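For reference, the structure discussed in these notes is given below.
Residue numbers (full-length UniProt numbering): 1 to 265.
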């Protein structure tokens, strides 16, 4: 039987500094376990949908054997940030009271640069390409790799732009069966020569009960915060059904990636 997954919950105690690389203003923050985290706010950008995509993407990547910083739920007290001098940040903190998401801060990590860094190898590159085609992640390009090198290993970050079907719940069944055309822009596509091998392995790992276990991690308050006319549990079921269908029909997006790679090389 698949063991239930769990994430730790921490309380944010100190706002350290904003990370202004993106439009959603994530921040480095300290929590009551004395660790530093990259804090993703529910009040920013796409709101809880970005956090849901981050949570699902990160935990699925971990199940598939990839390096991902630990994800934790980060609780923000209503009083937090009242003394913050920057009005934009103060508004963001006020809008993010409650449960947010954070990634363990990898001190000293550097952004993966395909022009300068050692290639990750065909097996890992193929795995990452498969993952991003599966999740419909539009944000792993040469311009923005969303990967870090830390202790000579490649770590994946920032899956918030994945699962774009949930920005419009209409015909999600059809969206689950679509190839992912934007895979042609993937930073590692040219190195992904083992897609068939990882496809076989990953399908066996992502059994329906495993996917349901990942989806069960989504806090009900994030699902309830969405305006669509559906209950939190109905939306949770859609996430699970979408991902299960995507795995069962993985040949569609794998072929798209293989065709895109052939035209590239």
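Beta carbons: idealized from backbone N, C-alpha and C, even for Gly. As the structure is a prediction and not an experimental result, all values here were calculated from the model.
Continuous beta strand (DSSP E) stretch holding residue i: start and end
{"i": "residue 70", "result": "It is not in any beta strand (DSSP E) - residue 70 carries neither H nor E in the DSSP assignment."}
{"i": "residue 38", "result": "36–40"}
{"i": "residue 218", "result": "Unbroken run through residue 218: none, as it is neither H nor E."}
{"i": "residue 29", "result": "27–31"}
Alpha-carbon spacing of residue i relative to residue j, whole angstroms
{"i": "residue 2", "j": "residue 209", "result": "Confidence at residue 2 is low in this model, with a pLDDT of 45, below 50, so the placement of that residue is unreliable and no value is reported for it."}
{"i": "residue 266", "j": "residue 251", "result": "Given that the chain is displayed from residue 1 to residue 265, the structure contains no residue 266 and the question cannot be resolved."}
{"i": "residue 7", "j": "residue 193", "result": "34 Å"}
{"i": "residue 202", "j": "residue 87", "result": "45 Å"}
{"i": "residue 16", "j": "residue 99", "result": "18 Å"}
{"i": "residue 33", "j": "residue 71", "result": "14 Å"}
{"i": "residue 159", "j": "residue 50", "result": "8 Å"}
{"i": "residue 220", "j": "residue 111", "result": "33 Å"}
{"i": "residue 297", "j": "residue 107", "result": "It is not possible to answer for residue 297, since the shown part of the chain is limited to 1 through 265."}
{"i": "residue 47", "j": "residue 206", "result": "27 Å"}
{"i": "residue 212", "j": "residue 243", "result": "9 Å"}
Delimiting residues of the alpha helix (DSSP H) encompassing residue i
{"i": "residue 254", "result": "250–264"}
Residue i in three-state terms, based on DSSP
{"i": "residue 76", "result": "strand"}
{"i": "residue 16", "result": "strand"}
{"i": "residue 238", "result": "helix"}
{"i": "residue 247", "result": "helix"}
{"i": "residue 198", "result": "helix"}
{"i": "residue 207", "result": "coil"}
{"i": "residue 231", "result": "coil"}
{"i": "residue 189", "result": "helix"}
{"i": "residue 1", "result": "Low confidence applies to residue 1: its pLDDT is 38, below 50, so where it sits in the model is not reliable enough to give any reading."}
For residue i: DSSP bridge partner residues
{"i": "residue 10", "result": "74"}
Q | Ordered list of alpha helix (DSSP H) runs contained in the segment 142–182, each at least 4 residues | A | 172–176
Q.
Which runs of the beta strand (DSSP E) at least 3 residues long sit entirely within the segment 82–147? Give them in chain order.
A. 98–104
Q: With a floor of 4 residues, list each alpha helix (DSSP H) that falls wholly inside the segment 41–66, ordered by position along the chain.
A: 48–63
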